[in-house]
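Undergrad: Before anything else, here's the structure in question.
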Amino acid sequence: MTAVHAAGAALTGPSAAHTGTPLPAHAETPVPAQAEASVPALVSAAASAGLHVLAAAQWPEVGDGAAPPPVPGFVGSSFSPLAAEVARRCLERVGGAQLPMTAVLVASALGDLAGAVRVAEGVDGGARLGPLLFFQAVPNAVAGLVASRWGLTGPVVCVGDTAGALAVAALLLADGDAEAALLLRVDQAYVPGGVDRAAAVLLGPEPAGDGSLPHQEGVRP
Numbered sequence: 286m287t288a289v290h291a292a293g294a295a296l297t298g299p300s301a302a303h304t305g306t307p308l309p310a311h312a313e314t315p316v317p318a319q320a321e322a323s324v325p326a327l328v329s330a331a332a333s334a335g336l337h338v339l340a341a342a343q344w345p346e347v348g349d350g351a352a353p354p355p356v357p358g359f360v361g362s363s364f365s366p367l368a369a370e371v372a373r374r375c376l377e378r379v380g381g382a383q384l385p386m387t388a389v390l391v392a393s394a395l396g397d398l399a400g401a402v403r404v405a406e407g408v409d410g411g412a413r414l415g416p417l418l419f420f421q422a423v424p425n426a427v428a429g430l431v432a433s434r435w436g437l438t439g440p441v442v443c444v445g446d447t448a449g450a451l452a453v454a455a456l457l458l459a460d461g462d463a464e465a466a467l468l469l470r471v472d473q474a475y476v477p478g479g480v481d482r483a484a485a486v487l488l489g490p491e492p493a494g495d496g497s498l499p500h501q502e503g504v505r506p
């Protein structure tokens, strides 16, 4: 059974609703499964893919406010701060162990939706946009930040769904291109009343611990 070391962290979060980033009226967009941006969903999907979870975290958890901590150099959107925060929580829960060569995988159905909408509205309105908005529009930007901040030296990959990210992780581990993989699932709210969600799991090829899962009562899908 998959082992998850969550350092006793509770995984429920605040009930306050997010205003959500509305999709453009003309957008032909599949409805993202925000339930995938949670520890239970990632743990289950990883187990089905034959991968073992060594540590896990999500946003929101108990005590979280309305938004994750800001990240210098990333503005006007919660996407990158969400990814950076769940990565920090997950890696800190490894317990100080030396990380092997670790890949960073970002999975998101819509990417940085808030940032994209802000750029589109600015262009439509003739506003002058700052260069940071273009830099952070690429999901690899926050993946690179996480890799640099934590000294992760494996490949960096961004895909559109959890299944694709797990397939890439399994391939990297099997080929020896990485010895572990940090998977970040990030989904911003896109309807009024929605909640920004993100989750992270550190994946490895070998089981660890006693196979128990953290206490997950009250985790919101």
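Numbering of the sequence shown is given in the numbering used here, commencing with residue 286 and proceeding in unit increments.
Where is the CB? At the ideal position from N, CA and C, for every residue including glycine.
#1: Which residues does DSSP pair with Q343 in a beta bridge?
#2: Looking at C-alpha atoms only, which residue of A388, V427 and A483 is the closest neighbour of G461?
#3: Can you list, in chain order, the stretches of the beta strand (DSSP E) that have 3 or more residues and sit fully within the region 320-384?
#4: Quick check on the DSSP output: the beta strand (DSSP E) that includes P458 runs from which residue to which?
#5: What does the alpha-carbon distance come out to for the pair S393 and A351?
#6: What is the residue span of the alpha helix (DSSP H) that A428 lies within?
#7: Going along the chain, which residues of its own chain have a beta-carbon closer than 8 Å to the beta-carbon of A330, five neighbours each way excluded?
#8: Which two residues bound the contiguous beta strand (DSSP E) that contains V391?
#9: Run through DSSP, which three-state label would A474 get?
#10: To the nearest whole angstrom, what separates the beta carbons of G439 and A463, a pair I think is in contact under 8 Å?
#11: Just the Cα atoms here: how many angstroms apart are A459 and F364?
#12: I need the DSSP call for G489, collapsed to helix, strand or coil.
#13: Give the secondary structure of A465 by DSSP, where H, G and I count as helix, E and B as strand, and everything else as coil.
#14: Taking Cβ positions, are R482 and S323 nearer each other than 8 Å?
#15: For A342 and E377, what's the separation of their Cα atoms in angstroms?
#16: Please say whether L390 and Q473 have beta carbons closer to each other than 8 Å?
#17: On a CA-only basis, which of A466, V431 and V480 is nearest P490? Give me that one, please.
#18: Tell whether a beta-carbon distance below 8 Å holds between A454 and L469.
TA: With the given structure in hand:
#1: A484
#2: A388
#3: 337-344
#4: What sits at residue 458 in the sequence shown is Leu, not Pro. If you look at L458, you'll find it isn't in any beta strand (DSSP E); it sits in the alpha helix (DSSP H) that goes T447 to D460.
#5: 20 Å
#6: N425 to W435
#7: E321, T447, A448 and L451
#8: T387 to A392
#9: coil
#10: Under the criterion of beta carbons closer than 8 Å, G439 and A463 qualify as touching, at roughly 4 Å.
#11: 30 Å
#12: strand
#13: strand
#14: yes
#15: 10 Å
#16: No, the Cβ-Cβ distance between Q473 and L390 is not below 8 Å.
#17: Closest in alpha carbon position to P490, among A466, V431 and V480, is A466.
#18: Not closer than 8 Å, so no.
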